[in-house]
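*Asks:* Numbering (our numbering), first residue to last: 10 to 259. Using N, Cα and C, we set each Cβ at its ideal position, and we do this for glycine too. For reference, the structure I am asking about is given below.
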Amino acid sequence: MTPALRTSGLSKDFGSFTAASEVSLAFPHGVRHALIGPNGAGKTTLINLLTGVLAPTAGDVYLGEDRITSLPQHQRVKLGMTRTFQINTLFAGLTVLESVTLAICERKGRAAVWHRTVAAQRDEADEALALLRMLRLAPEANTLTRNLPYGKQRLVEIALALATKPRILLLDEPAAGIPASESAELFSVIAALPREVTILFIEHDMELVFRFAERITVLVGGKVLTEGAPPEIAADPRVREVYLGEAQHG
């Protein structure tokens, strides 16, 4: 079966510095796949190449069977690739329900008729509420986004991303800055998302990675060191040496 997303020989140079070097990866449909590696390994560069923030020096990106290497970000979103986006400045003055309803109106090309009233957009509001229920955010529907705890704000980011109806969801450190008591809940919600959504995430918390990822790719120096199921990665002495050992001593 064609992977949901794949890269072929993907490379990115910044002058004499190589941030990604011939990265070839394939992500099956519905997988929960983690990217790990020490700081400077090239994880965020890879996400930026996948989403079109950066253009590769060499190599290609494929969404399903479509080569999307040269497509701009907004066209990749329309094709089903979404990255969580910061909400603190975008929707801070709206309630959670208004924020997600607005994102759905945007997807449907109805943002121009948005009048900051959920009542006028009944279908979109119903869809938004269903999303909030799935993410366990329904109790906060009428809370201003800026008044939410940070962990709940990250969930709203995911709700906004899901409002675009993605096939691929890219999460760059979704648990960053969240207390440990909230991060496991956040990841349990992510893990329970519908299987039609393929999830690729960067995360530094190894406990979360090994608890929730089904596949793990380890990047070091812009190259793929290894890839496998969590038990394989945990048992790999090279991984322990370059990353897990560093985390234990850091």
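(1) If you drop the 5 nearest sequence neighbours on each side, which residues of the same chain put their C-beta closer than 6 Å to that of Ile208?
(2) To which residues does DSSP link His83 through a beta bridge?
(3) Is the number of C-beta pairs between the segment 192-204 and the segment 24-32 that are closer than 8 Å three or more?
(4) So, under 8 Å CB-CB, Val198 and Leu157 are touching, yes? Tell me the CB distance rounded to an integer number of Å.
(5) Using a threshold of 9 Å, state whether the C-beta atoms of Pro183 and Glu166 are closer than that.
(6) At 3 residues or longer, what runs of the beta strand (DSSP E) sit wholly inside the segment 117-205?
(7) Out of Leu58, Lys117 and Val62, point me to the one whose CA is closest to Ser33's CA.
(8) Could you name each continuous beta strand (DSSP E) segment of 3 residues or more that falls completely within the segment 17-87, going from the start of the chain to the end?
(9) Under a three-way DSSP split, which group does Leu111 fall into?
(10) If Ala50 and Val229 are in contact, beta carbons under 8 Å, what's the gap, nearest whole angstrom?
(11) Could you give the C-beta distance for Leu19 and Gly68, rounded to a whole number, given that I count them as a contact under 8 Å?
(12) Which of helix, strand or coil does DSSP assign to Met215?
(13) In the structure shown, what three-state DSSP assignment does Ile96 receive?
(14) Please determine, among Cys114, Leu14 and Ala168, the residue with the shortest C-alpha to C-alpha distance to Phe36.
*Replies:* A quick look at the data gives this:
(1) Hits under 6 Å: Arg41 and Leu178.
(2) The partner list for His83 (beta bridge, DSSP) is empty, contrary to what the question assumes.
(3) Pairwise C-beta distances place the segment 192-204 out of contact with the segment 24-32, as fewer than three of them are shorter than 8 Å.
(4) Actually they are not in contact, since the Cβ atoms of Val198 and Leu157 sit about 14 Å apart, beyond 8 Å.
(5) Going by C-beta atoms, Pro183 is nearer than 9 Å to Glu166.
(6) Those beta strand (DSSP E) runs which fall completely within the segment 117-205 and span 3+ residues are 177-181.
(7) Residue Leu58 is the option with its Cα nearest to Ser33.
(8) For the segment 17-87, whole beta strand (DSSP E) runs of length 3 or above, ordered along the chain, are 26-32, 41-45 and 67-72.
(9) Looking at Leu111 - three-state DSSP - the assignment turns out to be helix.
(10) For Ala50 against Val229, the beta-carbon gap comes to about 5 Å, under 8 Å, which counts as contact.
(11) Going by Cβ atoms, the distance from Leu19 to Gly68 rounds to 4 Å, so yes, they are a contact pair.
(12) It is helical.
(13) Reliability of the predicted coordinates at Ile96 is poor, the pLDDT of 48 falling under 50, and the value obtained from them is presented with this limitation in mind. Three-state DSSP puts Ile96 in coil, outside helix and strand.
(14) Ranking Cys114, Leu14 and Ala168 by Cα distance to Phe36 puts Leu14 first.
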